[in-house]
Amino acid sequence: MTNTNLQSADGAFVNISGLTGSQGEYALPIKIVCPTCDYFSESKLMFCSHPPTVAGGADFGLFDSKSGTLIFWICPGRTLLRSTNYSLSFILQNPSSEQPSPRISIQAGWPGNLESESMLKNGSHLYWPLEIISPRFMDCKMSQRSPLIFSENSLFAEFKINFDMKSSDRWTVTLSGLKGISANSDLQLSLSEAGPFFCLRGAKGQGIWNISTRTIILTLCNNISIPENTIVRLFVNVTNLDIIQTAPMIGIEAAGVYHIPFTPFDTPSLPSSFVTNDSKPLYLVAIVKLRSLSSVWSYASGGSLLVSGSGLSLRYTNASGVVKRPSFLCIFDR
């Protein structure tokens with residue numbers, strides 16, 4: 013609102029500056045809402061993209077992307093009424109890189125009599141005008157309880173996000189790269205320490221295990237949001253397969269109103285008494301009980317283990333005859 017009437021006869025205009033980094037059409041459409049005006053008699057064709065002496069440009073303003081300014085004039089025969097609330101909206105393209113919200117000012121009046129005022133910013137800082145962030149996961153960590161094949165295992169994960177993730181934006185979070193886990197079909201995994209964030213068909217603290225893609229899929233519960241910088245912790249109980257492997261690349265991504273790209277997990281996740289060097293998620297080894305340092309010993313999976321020399325050279329031959337040199341946890345039985 014203004015403290016005086018602004019009339020087209022005076023060449024009155026409104027200038028909004030500080031729209032830095034944004035892009036938009038030169039002749040920018042402007043939507044005007046005047047709650048206290050009769051639209052057809054007072055608000056329609058209120059703002060124009062040209063001075064009153066130039067015809068045309070109703071309901072438009074002129075945008076200069078280099079200076080970040082938007083200017084519009086009072087249309088011919090119209091008056092911007094004193095102490096009347098006017099709401100305006102226009103569409104800009106956000107800058108291509110992150111930036112804090114700039115200082116945005118509005119200037120109204122006529123040549124030789126201008127008033128300028130900084131515009132207030134409402135809501136949380138993420139919704140301040142032209143504050144630009146690149147949505148991403150942060151501090152992603154994961155560890156496991158057991159590195160042993162054929163054993164029950166638990167995966168511990170935690171992560172944060174740098175924005176408010178709202179269920180109204182239909183977010184799904186995917187953990188991928190989960191090789192070496194046994195499952196016969198798609199199944200439901202219980203989640204703990206996930207708070208009320210994730211649901212499956214209305215049941216809180218649950219997600220989906222997809223065996224074909226080796227992913228865990230989490231859907232945000234209805235009417236729930238994860239505030240920015242909130243630490244989300246969860247664990248899932250799994251069973252390790254009979255596969256000796258190095259730790260695969262496990263990561264997290266999300267899809268909603270936009271896509272958050274794959275972010276790998278660091279390890280370990282949570283400090284605890286059982287976290288060791290083998291706690292990299294799905295780094296899987298075998299325990300072999302040896303009674304001597306010679307001969308070939310059979311192995312439960314149908315393969316064999318060759319142990320030779322004082323240097324303890326290990327070669328594992330699987331059931332298909334493929335020779336590997338994997339990591340083993342060896343226990344010598346005297």
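In the numbering used here, the protein residues as written are 13 to 346. Note that the Cβ used here is the ideal one computed from N, Cα and C, for glycine as well. All of these numbers come straight from a predicted model, not from anything done at the bench.
Residues bridged to residue i by DSSP?
i: Val3; result: Nothing about residue 3 can be read from this structure; the chain reaches only from 13 to 346.
i: Trp85; result: Phe25, Cys60
i: Gly263; result: Ser188, Pro276
i: Asn125; result: Trp122
i: Lys178; result: Ser237
i: Val297; result: Leu160
i: Val269; result: DSSP lists no partner for Val269.
i: Asp76; result: Thr81
Determine whether the beta carbon atoms of residue i and residue j lie at a separation below 8 Å.
i: Leu82; j: Phe72; result: no
i: Ser79; j: Glu110; result: no
i: Ile161; j: Leu296; result: yes
i: Phe277; j: Lys153; result: yes
i: Ala266; j: Trp183; result: yes
i: Pro114; j: Gly30; result: yes
i: Phe9; j: Ile264; result: Residue 9 is absent from the model: the chain starts at 13 and stops at 346.
i: Phe274; j: Ile236; result: no
i: Gln156; j: Ser166; result: yes
i: Phe59; j: Ile28; result: no
i: Thr231; j: Leu212; result: yes
i: Gly23; j: Pro123; result: yes
When you compare only the Cα positions, how much space is there between residue i and residue j?
i: Thr91; j: Ile272; result: 47 Å
i: Phe168; j: Pro112; result: 34 Å
i: Lys216; j: Lys191; result: 26 Å
i: Val26; j: Thr32; result: 18 Å
i: His62; j: Ser108; result: 30 Å
i: Leu96; j: Asn17; result: Residue 96 is actually Thr in this sequence, not Leu. When rounded, the distance between both Cα atoms is 10 Å.
i: Leu246; j: Glu170; result: 6 Å
i: Pro260; j: Ala39; result: 53 Å
i: Ser99; j: Met131; result: 13 Å
i: Ser180; j: Lys172; result: 19 Å
i: Gln19; j: Arg94; result: 10 Å
Can you give the beta carbon distance from residue i to residue j, rounded, assuming they're within the 8 Å contact cut?
i: Ser34; j: Gln105; result: 6 Å
i: Thr227; j: Thr186; result: 5 Å
i: Ile220; j: Ile229; result: 5 Å
i: Val250; j: Ile193; result: 5 Å
i: Asn252; j: Ser158; result: 7 Å
Using 7 Å as the cut-off, classify the Cβ of residue i as near or not near the heavy atoms of the ligand MN, replying yes or no.
i: Lys178; result: The ligand MN is not among the ligands present in this structure, which contains no ligands whatsoever.
Per the contact definition of three or more C-beta pairs closer than 8 Å, is the segment 167–178 in contact with the segment 138–145?
-> yes
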